Amino acid sequence: MPADTNANGDIFGGWIMSQMDIAAGMMAVEITGGRAVTIAVDAMKFIKPVQVGDIVCCYGKLKKIGNSSVAIRVEVWVKPGLGQLILDRENQFSLVTEGSYTYVAIDREGRKRTFPKPVTVAPQAD
Numbered sequence: 139m140p141a142d143t144n145a146n147g148d149i150f151g152g153w154i155m156s157q158m159d160i161a162a163g164m165m166a167v168e169i170t171g172g173r174a175v176t177i178a179v180d181a182m183k184f185i186k187p188v189q190v191g192d193i194v195c196c197y198g199k200l201k202k203i204g205n206s207s208v209a210i211r212v213e214v215w216v217k218p219g220l221g222q223l224i225l226d227r228e229n230q231f232s233l234v235t236e237g238s239y240t241y242v243a244i245d246r247e248g249r250k251r252t253f254p255k256p257v258t259v260a261p262q263a264d
């Protein structure tokens, strides 16, 4: 069994969560202007399994900005991989996973820090 698959041969949910954390973490760094670390996975919902070969896309939406933290909602969408497209000709993206992550901004010593609120970034509605 390959390292990133589960016993059913689907992509392991932990791998999907790590991709979501990477995507949202990049947003958190941009918003806070420096280091930011994951402090919570507030919600996680696995909707459909992801197949080996699927094209995986992670999209983040800013939900809340605090004095030292940000909350980001992440959706994972997949498009069938080339092998599947040849078999059934479907070319649709589908939502497979959604979750909410919270990050806190930290300084060089790993202590919580505040950051100025970005002028151009505002929380997005669902």
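Per our numbering, residue 139 is the first one in the sequence shown, and the count goes up by one each step. No residue lacks a Cβ here, since even glycine has one placed at the ideal position from N, Cα and C. Source: prediction; values computed, not measured.
| query | result |
| --- | --- |
| Outcome for residue 156 when other beta-carbon atoms lying within 10 angstroms are tallied against a minimum of 16 | exposed |
| Buried or exposed (CB count within 10 angstroms, at least 16 for buried), residue 212 | buried |
| For residue 193, the nearest candidate out of 206, 209, 158 and 231 (CA to CA) | 231 |
| Distance cut-off 6 Å: residue 248 Cβ against heavy atoms of the ligand FMN | This structure simply doesn't include the ligand FMN, nor any ligand for that matter. |
| Residue 240 and residue 207 closer than 7 Å at C-beta | yes |
| Among 168, 154 and 172, the one whose alpha carbon lies nearest that of residue 249 | 172 |
| Where the beta strand (DSSP E) containing residue 210 begins and where it ends | 207-217 |
| Environment of residue 233 [buried if 16+ CB atoms lie within 10 Å] | exposed |
| Buried/exposed call for residue 252, threshold 16 Cβ in 10 Å | exposed |
| Residue 190 (DSSP reduced to helix, strand or coil) | coil |
| 6 Å Cβ shell around residue 166 - same chain, five flanking residues per side excluded | 174, 208 and 241 |
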